[in-house]
Amino acid sequence: MQYDPIKRVLGDVFNKTPFLRRVFYNLLDLLLLRTWHVHKELRAWAVNRRNKEQHILDAGSGFGQYTYYLSGMSTKWNILAVDVKEEQVSDCNHFIRSIGRHNVLFRIADLVKYREPNSYDLVLSVDVMEHIEEDVQVFRNIHASLRPGGMLLISTPSDQGGSDVHGDNETSFIEEHVRDGYNIQEIQDKLRLAGFRKVEARYSYGKPGQISWRLSMKYPLLMLGVSKIFFLVLPFYYLLTFPFSLLLNWMDVNGKYSSGTGLIVKAWR
């Protein structure tokens, strides 16, 4: 299944006003388990940094929800968000200016080529690396772009079904992925190969998270892939499933798992 057609439909709906865009971001924050994990790590990183000037790169910003979250944490932080999709970059710049956040800029860039030596204290990459074949080159570029002591935070699918692939004969639920997920040791080895001095990785999307993802994301997207008429059904569907998804997300983000379909990875220069 391809996400992009559904993303365009959602974009058309929620880009109509800044208010709807904020509503969209808040919904993503509640529904997407990866957001719960990423926000937890960002809050931990932000301790003792909120009142200091920091330079941040959102590497593969997509809809811009993480840049929006970061820009609301401190006005002293300068954030550059890059993506290869011109339409999304333009939409995000228009939105961020309309709400008066002048510490943010969205720009078109290819992470395989993008490098700004010694420029950033934090680089964020959420659900990006599974789309890029030349991942080690991107890691090298990010390593060079970080300041000494700077941190890279990655959220990406693992090889334990992170793209909803569970057997050799299955194809990815998300067809845009170039790999079906990272082995936890593999991504740590690649980051060290790229020059990172310290790497930590943990699983996300344990059993609670996997159930939540199916309830809150997979099944609704499958319905929307069949027909747009399901937009009318979704409010009633979420009315029934939303409380369970919230509980499952809370359990996942506060638990520790020996396996999972997602990875949260931190690496320091």
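Numbering (full-length UniProt numbering), first residue to last: 1 to 269. Ideal Cβ placement from N, Cα and C applies to all residues, glycine included.
Taking all protein chains shown into account, do 16 or more other C-beta atoms lie within 10 angstroms of the C-beta of residue i, making it buried, or fewer, making it exposed?
i, result
"Lys198", "exposed"
"Asn254", "exposed"
"Glu170", "At Glu170, the pLDDT of 46 sits below 50, so the modelled position is not reliable and the matter cannot be decided from this model."
"Phe63", "buried"
"Tyr219", "exposed"
"Asp53", "A small fix is needed here, since residue 53 is Glu in this sequence, not Asp. Under this definition Glu53 is an exposed residue."
"Arg50", "exposed"
"Asn249", "buried"
"Asp180", "buried"
What's the C-alpha gap between residue i and residue j?
i, j, result
"Gly262", "Ile56", "23 Å"
"Ser158", "Asn15", "32 Å"
"Lys190", "Asn141", "13 Å"
"Asp58", "Pro243", "30 Å"
"Arg101", "Trp268", "28 Å"
"Leu27", "Thr35", "11 Å"
"Thr241", "Leu31", "11 Å"
"Glu186", "Val265", "12 Å"
"Ile99", "Tyr114", "28 Å"
"Asn48", "Ser74", "11 Å"
"Arg117", "Asp127", "The displayed chain sequence assigns Pro, not Arg, to residue 117. Looking at the two C-alpha atoms, the distance is approximately 23 Å."
"Lys40", "Gln88", "26 Å"
"residue 310", "Ser155", "The first residue shown for the chain is 1 and the last is 269, placing residue 310 beyond what the model contains."
"His131", "Val112", "11 Å"
"Asn103", "Lys76", "8 Å"
"Ile211", "Phe106", "34 Å"
According to DSSP, is residue i helix, strand or coil?
i, result
"Ser172", "Residue placement at Ser172 is poorly supported in this model, since its pLDDT is 48, which falls under 50; the coordinates are not used for a value here."
"Gly60", "coil"
"His102", "coil"
"Asp29", "helix"
"Thr156", "strand"
"Gly149", "strand"
"Asn78", "strand"
"Ile108", "strand"
"Leu263", "strand"
"Ala44", "helix"
"Val89", "helix"
"Met251", "helix"
"His166", "With a pLDDT of only 46 at His166, under the threshold of 50, the placement of this residue in the model should not be trusted; the figure read from the coordinates follows. The answer is coil: DSSP assigns His166 none of H, G, I, E or B."
Mind checking who residue i pairs with in its DSSP beta bridge?
i, result
"His55", "Asn78"
"Ala201", "Val265"
"Ser227", "Looking at the DSSP assignment, Ser227 forms no beta bridge with any residue, so it has no partner."
"Val126", "Ser155"
"Tyr120", "Leu146"
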